[in-house]
Amino acid sequence: MGYLAVWKVLEEMVTDFRKRRVTVPTGIISDLRHSKTLINVLRSDPSRLETSQRIEEYLRSVESYLVSEGQKKFGKGYVEDWIKRLDEASSKIIEEEEKETRFIPGLPRTQKWIRIEPSDELPIEGLKSLADELNLSYKVQDDGFLLVYGKNGDIKDFVKKMTIRYGFKTRK
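Now the structure itself:
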């Protein structure tokens, strides 16, 4: 399944809802963010089967809400168009997905980085100490995210240790 491609379609659908002045619950937005984080985790450690399962749970949750609400508010034709786009996106192969690269001002081009949204499950102090343990640099950004950066292998180790140390709890 092309997780990133599906994620992008769902993100576009949320944006379309907002343009049409339909409120999307914070839980759904949170699930969409969690799925994006886990997609990045899966990239660094594809051997973790439970990560794929959690991504699918989050994406399914977001998709079912958006499709259900879309049909109620905008009708069957609206939903059919989005379902068609989701089907096309889900058939993409993961290796074909483009890597998202963004420019972070002030970071050398040779540095790799990851942005993490601290939460109750991922406390900022714990993330900072883990970054220190691995000799990575970090800074808290204006939007509250923690930017951790350093060598590529060290970033991968950081993500692996972060998932082991904090894990992600599944919702029921």
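Going by the numbering used here, 93 is the number at position 47 of the sequence shown; the sequence numbering is gapless. Don't be surprised by glycine CBs; every beta carbon is placed ideally from N, CA and C.
Arg-100, buried or exposed, once every other Cβ within 10 Å from all chains shown has been counted against 16: Sequence index remark: in the sequence shown, residue 100 carries index 54 (1-based). With 16 or more Cβ atoms within 10 Å of its Cβ, Arg-100 is classed as buried.
Leu-243 in three-state terms, based on DSSP: Residue 243 lies beyond the residue range present for the chain, which begins at 47 and ends at 218; the question has no answer from this structure.
Residue nearest to Phe-191 in terms of C-alpha spacing, selected from Asp-178, Asp-200 and Glu-171: Here residue 191 refers to the residue found at position 145 of the sequence shown. The candidate whose alpha carbon is nearest that of Phe-191 is Glu-171.
Cβ neighbour criterion (16 or more within 10 Å) applied to Ile-75: Here residue 75 refers to the residue found at position 29 when the sequence shown is read from its first residue. Label assigned to Ile-75: exposed.
Distance CB(Leu-56)-CB(Leu-112) smaller than 8 angstroms: Walking along the sequence shown from the start, residue 56 turns up at place 10. Walking along the sequence shown from the start, residue 112 turns up at place 66. A contact, by the Cβ cut-off of 8 angstroms.
Where Ile-140 falls: helix, strand or coil (DSSP): Working through the sequence shown from its first residue, we reach residue 140 at position 94. With a pLDDT of only 43 at Ile-140, under 50, the local geometry of the prediction cannot be trusted, and no value is derived from it.
First and last residue of the uninterrupted alpha helix (DSSP H) at Val-60: Translated into positions along the sequence shown, residue 60 becomes position 14. Per DSSP, Val-60 belongs to the alpha helix (DSSP H) from 49 to 65.
Cutoff 7 angstroms; reference Met-59; Cβ partners in own chain excluding five residues on either side: What you label residue 59 is simply residue 13 of the sequence shown in a count that begins at 1. Here the set comprises Leu-112 and Trp-128.
Nearest-angstrom Cα separation, counted from Asp-91 out to Ser-175: Within the sequence shown, numbered from 1, the residue matching residue 175 stands at position 129. Within the sequence shown, numbered from 1, the residue matching residue 91 stands at position 45. Roughly 21 angstroms between the two C-alpha positions.
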